[in-house]
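Student: Have a look at this one.
Residue numbers (the numbering used here), protein chains in the order written: chain A, 35 to 563; chain B, 222 to 513.
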């Protein structure tokens, strides 16, 4: 393996100078700048998507139609989903990957720095298109973030083409980002950084990047077929032409299921970094974590049709997908066991990152268990398309993915800014989020089991009390995130100086460079013990 | 650690990525409007925005590649950098494979499952009975359940010739590569040029085949699942051949300028990989779309 110096003749004199002004951000090739842009973008999209969630919860606060038209309600559920998945969670993880992976493996930057900047700058434009489409006559996409045919083909509005092309360029961005991550990890590890010495965040991102390269093109294929079905007379998803609307669901979920692991594997990596630090013990079962992550990724290609149990598939297919889905509980259980075993007899402290990581372990496991319930084919016939499903995937995505991202932000903020965040405010943020998020999502299990359908702006009277409760939880959770912004701004502006190691129990290359991390790190490769 | 380490070149700031992002924005936004305008035959700005997007994209590609080529020619790239490029290209090709997999998957599902079910297979006796009791499953699907009729594209004749052309072009490209590695520049230039010409011949014959399909066979994009998979698979393949030919054309110009050496020719290698990949896609396509 060879290495790693960043300078060359003509920019010797700007060496380690940050270029100034707006050009720095437009033209940058620096993984830390790009990581910051991804994270800020994700935060902005989190609040835009969150505002849409507030609209949804306001409408559902009481039965009957209050604030919005049904068509607008559908646009809100659709665009909320699209923004949170593609605009908030995925870019946040990519931002963390950009910031941390080169520092964790001792690389000078990402392998393809210019393409890295291209991947980022596509995203704001893609979401601009999506948001513009909301203002078209007839409104934006209103068919759910899963855009099932024929809702997205026969019954959709003129904005569908904009939706399709914005998803295309989001996909291009994700694929380029993933190629960059994978090549960086394969090719830019410092000498001595062998595969089984890599931090788990790097491992989980490597596997995530592989999944992205495998499935984002399939999403591109799906939206392309929607486009041609809607505008150019093809009948992929129309039985009259020999196609099948269920075919859409197969293609979409072949993308969609690995996609949900794309949004949780990096979270596993984050929690596997944080728990050992605050338990002051090495991670229990490192190798088994690597194997578990790989098995989850491989199995993720064999379970897509568990989203489609009620489409009338043959019994054999239902059973196959049920058992494969349940099998995923095994490697996931290994992970949860390892995190708990890492804490066993550890010298634990409970700073904010650890609190969010602990909440992640408990609440993600709840989401995992409701996933197992949904995996049982006959039971799923009852749960399908109810609020139980909404409860399930918000437990894994909000208290799972989003909590891990917040934990990561608190964990690495001192490394990024050079300042400690305000611990007291952070604890406030944690407890407010923890309580409100459970008020918000836990009762959804009950209304779902009782039969309340998802994606409908009105509901039967017996669900009124629970929904009022859920909406209050939602508003509180939304408001709690303002504390997070306050903490972030405060930490960026100043605060107690952070040491290089920051956390007493922290180990790894990123904790050996000063805080804040210099603009260029590891221009000469570090020595790995 | 007694090896000597080379430099890993991290480029300084570059305007091209954001220019590229603007290009993709114009393309996506323009196309999103253009598609509506064309299908409703309304006038609008979509087409202009789309065209502007492609213009900006081409401008960006020229600028970006010029920078990369200059850096490469002035010796800034190490062997490690070359590996980054090669690995990046390989993963990109994997993503392209998966793009085609979506359409092949649709083809297999349609042939094996959807048509069977429409004619009453599996647990769908009533679907058949109630929707289209006259429907007969067959492949190629010459009559859709809705009653659109078409003729099938035969596998012999033009498609077979095209297969031969594309396979030959992969072989000639291989000999061009051999010529490059053995510093036989005459062989390199000749074989590369022949490859590009074979590619263009393939494309012209493909256009002719499309005209034949539309005018003589009544096989169109709108003639049901057979026409859909036929045109989308061959169409996307054709777009990839076009892109591959453009890449090889630029590689050819660089060969004329004497840019490549036997051990430093990533651009040639990437173009060749892409071309071979497109060729393999065609072979799958020929088997599953034309023959079977």
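Just so it is clear, CB atoms sit at the ideal spot from N, CA and C, and this is done for glycine as well. Quick caveat: nothing in here was measured; it's all calculated off a predicted structure.
1. Output, in sequence order along the chain, the residues in the segment 426-451 of chain B whose CB is closer than 9 Å to any CB in chain A.
2. Residue range of the alpha helix (DSSP H) that residue 406(B) falls in?
3. Counting beta carbon pairs with one atom in the segment 413-423 of chain A and one in the segment 453-461 of chain A, are three or more of them shorter than 8 Å?
4. Just checking: is the beta-carbon of residue 179(A) within a distance shorter than 8 Å of some beta-carbon in chain B?
5. Secondary structure at residue 258(B), three-state DSSP: helix, strand or coil?
6. Along the chain, where does the alpha helix (DSSP H) containing residue 301(B) start, and where does it finish?
7. Helix, strand or coil for residue 530(A) per DSSP?
8. Exposed or buried, what is residue 369(A) when buried is set at 16 or more other beta-carbons lying within 10 Å of its beta-carbon?
9. Could you pull the DSSP bridge partners for residue 420(A) from this structure?
10. Could you tell me whether the segment 413-424 of chain B touches the segment 375-394 of chain B, where touching means 3 or more Cβ pairs closer than 8 Å?
11. Kindly indicate which residue of 479(A), 406(A), 385(A), 465(A) has the alpha-carbon position closest to the one of residue 538(A).
12. Among the candidates 152(A), 531(A), 194(A), whose CA atom is the shortest distance from the CA of residue 170(A)?
13. For the alpha helix (DSSP H) that residue 352(A) lies in, which residues bound it at each end?
14. Ignore the nearest five residues each way along the sequence and tell me which others in residue 525(A)'s own chain have a CB closer than 6 Å to its CB.
15. Is there a Cβ of chain A sitting closer than 8 Å to that of residue 165(B), yes or no?
16. Consult DSSP for residue 541(A) and reduce its assignment to one of helix, strand or coil.
17. Rounded to the nearest angstrom, what separates residue 488(B) and residue 494(B) at their Cα positions?
18. Cβ atoms of residue 218(A) and residue 136(A): under 8 Å apart, would you say?
19. Taking Cβ positions only, does residue 355(B) come closer than 8 Å to chain A?
20. For residue 331(B), tell me which candidate among 125(A), 177(A), 278(A) has the shortest Cα-Cα distance.
21. Do the segment 422-434 of chain A and the segment 514-528 of chain A meet, that is, are 3 or more Cβ pairs less than 8 Å apart?
22. If you measure from the beta carbon of residue 317(B) to each beta carbon in chain C, is any gap under 8 Å?
23. Which residues of chain B have a Cβ atom closer than 8 Å to the Cβ of residue 163(A), listed in chain order?
24. Return the Cβ separation of residue 110(A) and residue 89(A) in integer angstroms, given the expectation that the two are a contact with Cβ distance under 8 Å.
25. For residue 543(A) and residue 503(A), I'd like the C-alpha separation in whole angstroms.
26. Within 8 Å of any Cβ in chain A, is that where the Cβ of residue 234(B) sits?
27. So for residue 428(A), helix, strand or coil by DSSP?
28. Using the rule of at least 16 other Cβ atoms within 10 Å of the residue's Cβ for burial, across every protein chain shown, is residue 65(A) buried or exposed?
29. Give the interface partners of residue 305(B) over in chain A, defined as CB-CB distance under 7 Å, in chain order.
30. Let's test the definition: count the other Cβ atoms within 10 Å of the Cβ of residue 257(B) and tell me whether it reaches 16, buried, or not, exposed.
31. Could you work out which residue in 440(B), 278(B), 266(B), 232(B) is closest to residue 361(B) when comparing CA atoms only?
32. What whole-angstrom Cβ distance do residue 238(B) and residue 155(A) have, given they're in contact under 8 Å?
33. How many Å lie between residue 36(A) and residue 301(B) at the Cα?
34. From the DSSP output, in three-state form, read off residue 35(A) for me.
35. With 16 as the cutoff for other CB atoms within 10 Å, does residue 286(A) come out buried or exposed?
36. What three-state label does DSSP hand residue 482(B) in the structure shown?
Tutor: Well, looking at it:
1. 441, 442, 443, 444, 445, 446, 447, 448, 449, 450
2. Taking the first residue of the second chain as 1, we reach residue 406(B) at position 185. That run of the alpha helix (DSSP H) goes 406-433.
3. no
4. Working through the first chain from its first residue, we reach residue 179(A) at position 145. Output row for residue 179(A): interface = no.
5. Numbered from its first residue, the second chain carries residue 258(B) at position 37. Looking at residue 258(B) - three-state DSSP - the assignment turns out to be helix.
6. Residue 301(B) sits at position 80 when you count from the first residue of the second chain. Residues 300-329.
7. As a position in the first chain, residue 530(A) is number 496, starting the count at 1. In this structure, residue 530(A) counts as coil in the three-state DSSP scheme.
8. Position 335 of the first chain holds residue 369(A). Buried, by the Cβ-count rule.
9. Reading the first chain from its first residue, position 386 is the one you call residue 420(A). BP columns for residue 420(A) point to 487(A).
10. yes
11. What you label residue 538(A) is simply residue 504 of the first chain in a count that begins at 1. Among 479(A), 406(A), 385(A), 465(A), the Cα nearest to that of residue 538(A) belongs to 385(A).
12. Here residue 170(A) is taken as the residue at index 136 of the first chain, counted from 1. It is 194(A).
13. Position 318 of the first chain, counted from the start, is the residue given in the question as residue 352(A). Per DSSP, residue 352(A) belongs to the alpha helix (DSSP H) from 349-377.
14. Counted from its first residue, the first chain places residue 525(A) at position 491. Excluding residues within five positions, the ones whose Cβ falls inside 6 Å are 447, 451, 453, 455.
15. The requested residue 165(B) is not part of the displayed model; chain B covers only 222 to 513.
16. By 1-based counting over the first chain, the position of residue 541(A) is 507. Coil.
17. The residue you call residue 488(B) lines up with position 267 of the second chain. The residue you call residue 494(B) lines up with position 273 of the second chain. C-alpha separation (whole angstroms): 10 Å.
18. Sequence index remark: in the first chain, residue 136(A) carries index 102 (1-based). Sequence index remark: in the first chain, residue 218(A) carries index 184 (1-based). Yes; because the gap between Cβ atoms is below 8 Å, this pair is in contact.
19. Residue 355(B) sits at position 134 when you count from the first residue of the second chain. It does not: the Cβ of residue 355(B) has no partner Cβ on chain A nearer than 8 Å.
20. On the second chain, position 110 is the one that residue 331(B) refers to. Residue 278(A) is the option with its Cα nearest to residue 331(B).
21. no
22. No chain C is part of this structure, whose protein chains are labelled A and B.
23. What you label residue 163(A) is simply residue 129 of the first chain in a count that begins at 1. Chain B residues near residue 163(A): 246, 249, 250, 253.
24. What you label residue 110(A) is simply residue 76 of the first chain in a count that begins at 1. What you label residue 89(A) is simply residue 55 of the first chain in a count that begins at 1. That belief holds up - the Cβ atoms of residue 110(A) and residue 89(A) are roughly 5 Å apart, short of 8 Å.
25. To locate residue 543(A), count along the first chain from 1; it is residue 509. To locate residue 503(A), count along the first chain from 1; it is residue 469. Approximately 46 Å between the Cα atoms of the pair.
26. Within the second chain, the letter at position 13 stands for residue 234(B). Yes, residue 234(B) lies at the interface with chain A (some Cβ there is under 8 Å from its Cβ).
27. The residue you call residue 428(A) lines up with position 394 of the first chain. Correct three-state label for residue 428(A): helix.
28. On the first chain, position 31 is the one that residue 65(A) refers to. By the neighbour-count rule (16 or more Cβ atoms within 10 Å), residue 65(A) is buried.
29. To locate residue 305(B), count along the second chain from 1; it is residue 84. What residue 305(B) touches in chain A: 145, 146, 217, 221.
30. The residue you call residue 257(B) lines up with position 36 of the second chain. Its Cβ being crowded by 16 or more others within 10 Å, residue 257(B) is buried.
31. By 1-based counting over the second chain, the position of residue 361(B) is 140. Closest option to residue 361(B), Cα to Cα, is 440(B).
32. The count along the second chain starts at 1 and reaches residue 238(B) at position 17. The count along the first chain starts at 1 and reaches residue 155(A) at position 121. Confirmed, Cβ separation roughly 6 Å.
33. Here residue 36(A) is taken as the residue at index 2 of the first chain, counted from 1. Here residue 301(B) is taken as the residue at index 80 of the second chain, counted from 1. Note that residue 36(A) scores 36 on pLDDT, short of 50, meaning its location in the model is unreliable; the coordinates nonetheless yield the value given after this. Taking the straight line joining both Cα atoms gives about 6 Å.
34. As a first step, residue 35(A) must be located in the first chain, where it is residue number 1. Confidence at residue 35(A) is low in this model, with a pLDDT of 34, below 50, so its placement is unreliable and the value that follows should be read with caution. Looking at residue 35(A) - three-state DSSP - the assignment turns out to be coil, as it is neither helix nor strand.
35. For the purposes of this step, residue 286(A) is taken as the residue at position 252 of the first chain. Buried is the call here.
36. Within the second chain, the letter at position 261 stands for residue 482(B). Three-state DSSP puts residue 482(B) in a strand.
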